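Just below is one structure, and these are the notes that go with it.
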Amino acid sequence: MSVTVIVPTFNEAPNVEELVRRIESVVDLDAEILFVDDSTDDTPSVIEAVANTSRVPVRLLHRSEPHGGLSGAVVEGIRDSTREWCLVMDGDLQHPPEMIPVLLETGRQTDADVVVASRHVAGGSDAGLNGWLRRVVSNGSIALTRAMFPNRLRNCTDPMTGFFAFRRGSVVIDRLRPQGFKILLEILARHRLRVVEEPFVFGSRHAGESKADIGQGLRFAHQLASLRFGRMSRFAVIGALGAIGNVLLMAGMVALGIPYLLAAAVAAIVTIVANFALQERFVFHDLRHEGRGLWSRFAHSFAYNAADATARLPLLWWLVEITSIPSVIAQAVTLAVAFVLRFVFHSRIVYRPRRTTPVSPLLAEPKAPLPGTIPSPTGAEVVTGTAGHDR
């Protein structure tokens, strides 16, 4: 079985040599190790040095623009792989390389699409998690995730693991919207796959510090909402929050004696800016790098919403003056009427991808490769080791 071992790394220099040594001791020559690196330390140079002496082919994709976090790194690795299987593992040695042949053999024998190394089946353990709080958070996250995706995760006890193998042809890369740490959840939630599990003991770090923090927790919550509820639902939630803020702001100004039309205009401007910031972060985050620049997106969004708000003023006047509906209720009605058109405009115009070429725009202006590197199809720098094998 041919396999690419994909290792996303961020400042893991002390672990690289030991990781490669242990991987090459258990895999055959029809394997390669692909580091997808977002590091700010000397990890790339360490990988390059190890690549020159390894028995197994070692390659490096160093991302100068690490979109999507760890999940984005894994997706880049999947895209770059041409092997039959991909196996994903962390670079800190908490995932034992000795499990690699077990996962691959299980996949071969069971005809599974995905083989998950699980901490939560008989024989597995999360002993490497430091402290009771991390265990509680981890177990609670797993329970919540399985409750939200009861069908897709019914055969997976550990959707939060970062240690798994899958058939390269079973995953459609363009379906993935990588963000945060939990790429297995992303894959399983967006595909119908045959899943089997093997127990493993989650070990202690070999060196370095854990990257888990409150920010990762927030990104995980965002990922869950994205997978479960979809883009339009998130747009609606932000729109609803904006509408509530709009109405409350207008009500406060009207209570202060400001004319209702002026109050509505001011509330609209404040809401437009706030909604744009929220939808950039939580709705269209995966499309920001595929089309217009930030200020162009803001200008188009602001212009449309300003035109929308202006067009709603005559409707607001008609509802208040002709039908005698209270001004605040009338404002809420006009906001509800505009929702669908606003979503369509932002999806089709503001965040429309460029129509030039389906490959990364980084290819249009390739950077000069570093010594010992070749250009990657994704625009990252690729180091290829040649010791002991032909490529």
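For the sequence shown, the UniProt record's numbering assigns the number 1 to the initial residue and increments by one for each residue that follows. Think of the CB as a built atom: it goes at the ideal place given N, C-alpha and C, for glycine as much as any other residue. Everything numeric in this text was worked out from a predicted model, so none of it was measured.
- With at least 16 other beta carbons inside 10 angstroms of its own, W85 counts as buried.
- Beyond the five residues adjoining it in sequence on each side, M232 comes within less than 8 Å, by CB distance, of F343 in the same chain, given in chain order.
- Taking C-beta atoms as the reference points, D38 and P44 fail to come closer than 8 Å.
- When the Cα atoms are used, G69 and D308 turn out to be separated by approximately 36 Å.
- Selection T145, L287, R119 evaluated against H346 yields L287 as nearest (Cα-Cα).
- Residue pairing by DSSP places F164 opposite V88, V116 in a beta bridge.
- If you ignore the 5 residues before and after M1, its C-beta comes within less than 8 Å of the C-beta of D30, E84, W85, L104, G107, R108, all in its own chain and listed in chain order.
- In the DSSP assignment, A51 falls outside any beta strand (DSSP E) and within the unbroken alpha helix (DSSP H) covering 43–51.
- In the DSSP annotation of this structure, H346 is not part of any beta strand (DSSP E), being labelled neither H nor E.
- Going by DSSP, H62 is part of no alpha helix (DSSP H) but of the beta strand (DSSP E) stretching over 58–62.
- The C-beta of V58 has 16 or more other C-beta atoms within 10 Å across all chains shown, which makes the residue buried.
- Here M253 is not near V270, since their CB atoms are 8 Å or more apart.
- When rounded, the separation of the alpha-carbon atoms in R119 and S296 is 47 Å.
- Cβ contact annotation for R175 (same chain, cutoff 6 Å, sequence separation greater than five): R190, in chain order.
- Closest option to T334, judged by alpha-carbon separation, among I272, T323, L315, D113: L315.
- I173 carries a helical assignment under DSSP once its states are collapsed to helix, strand and coil.
- Look at L224 here: in three-state DSSP terms it is helix.
- A distance below 8 Å separates the beta carbons of V116 and V195.
- Here L341 has D308 as same chain residues with Cβ atoms under 8 Å from its own Cβ, once five neighbours each way along the sequence are excluded.
- One Cα belongs to T9, the other to F35, and the distance between them is close to 7 Å.
- A direct Cα-to-Cα measurement between H95 and F149 gives close to 25 Å.
- Rounded to whole angstroms, the gap between the alpha carbons of V50 and G91 is 14 Å.
- DSSP places A267 in the helix class (H, G or I) of the three-state scheme.
- Under the three-state reduction of DSSP output, D308 falls in the helix class.
- S125 has its alpha-carbon roughly 52 Å from the corresponding atom of A299.
- Here the C-alpha atom of F284 lies approximately 10 Å from the C-alpha atom of F276.
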